[in-house]
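The structure appears right after this line, and notes come after that.
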Amino acid sequence: MACTTTYIELGDGNFVNVDQVTLIGYNRYESADATVEVHVSGYNYSFHADRIRGAAAAHPVSLALLAELGKSPAREGRTRIVTYVDGAVRTRFL
Numbered sequence: 021m022a023c024t025t026t027y028i029e030l031g032d033g034n035f036v037n038v039d040q041v042t043l044i045g046y047n048r049y050e051s052a053d054a055t056v057e058v059h060v061s062g063y064n065y066s067f068h069a070d071r072i073r074g075a076a077a078a079h080p081v082s083l084a085l086l087a088e089l090g091k092s093p094a095r096e097g098r099t100r101i102v103t104y105v106d107g108a109v110r111t112r113f114l
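Structural data, given as structure tokens:
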């Protein structure tokens, strides 16, 4: 059985391998400037920071990102990209 590799597309042309992610969340204390944060090996990356700003936007997107990552890939053996498109977290396959 082929293995599926999953990446998170950060929105700035960069990707992170989900196997390296240690934490996904947002800083609720920075309510006006909060972004969805993806933590990898001591580094924090923002998930589509140009379109998701403020705790009111970051909270539901961070939950949607976690839910999407928790789903089993529908297509085994393909590269899976989780991204933010048209106001929603979505999965695409290569």
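Anchor point for the sequence shown: position 50 equals 70 in our numbering, and the numbering is continuous, going up by one each time.
Glycine included, every Cβ here is placed at the ideal spot set by N, Cα and C.
Host alpha helix (DSSP H) of residue i (start-end)
i: GLY90; result: 75-90
C-beta atoms of residue i and residue j nearer than 9 angstroms
i: PHE67; j: TYR104; result: yes
i: SER51; j: ALA76; result: yes
i: GLY74; j: CYS23; result: no
i: THR25; j: THR111; result: no
i: ASP32; j: ALA87; result: no
Cβ-heavy atom distance, residue i to the ligand NAD, below 8 angstroms
i: ALA87; result: The ligand NAD is absent from the structure shown, which contains no ligands of any kind.
Nearest neighbour of residue i, chosen from the options [CA to CA]
i: TYR46; options: GLY90, SER82, ARG71 and THR111; result: SER82
i: LEU43; options: GLY33, HIS59 and ASP32; result: HIS59
i: ALA78; options: ILE101, THR99, VAL109 and GLY90; result: VAL109
i: ASP39; options: SER61, GLY33, GLU57 and VAL56; result: SER61
i: PHE113; options: ASP53, VAL102 and GLY33; result: VAL102
i: LEU89; options: TYR65, TYR63 and ASN37; result: ASN37
i: ALA54; options: THR25, ILE72 and ALA87; result: ILE72
i: LEU85; options: VAL56, ARG95 and TYR65; result: VAL56
i: GLY107; options: ARG95, ALA94, ALA87 and PRO80; result: PRO80
N- and C-terminal bounds of the beta strand (DSSP E) containing residue i
i: PHE113; result: 108-113
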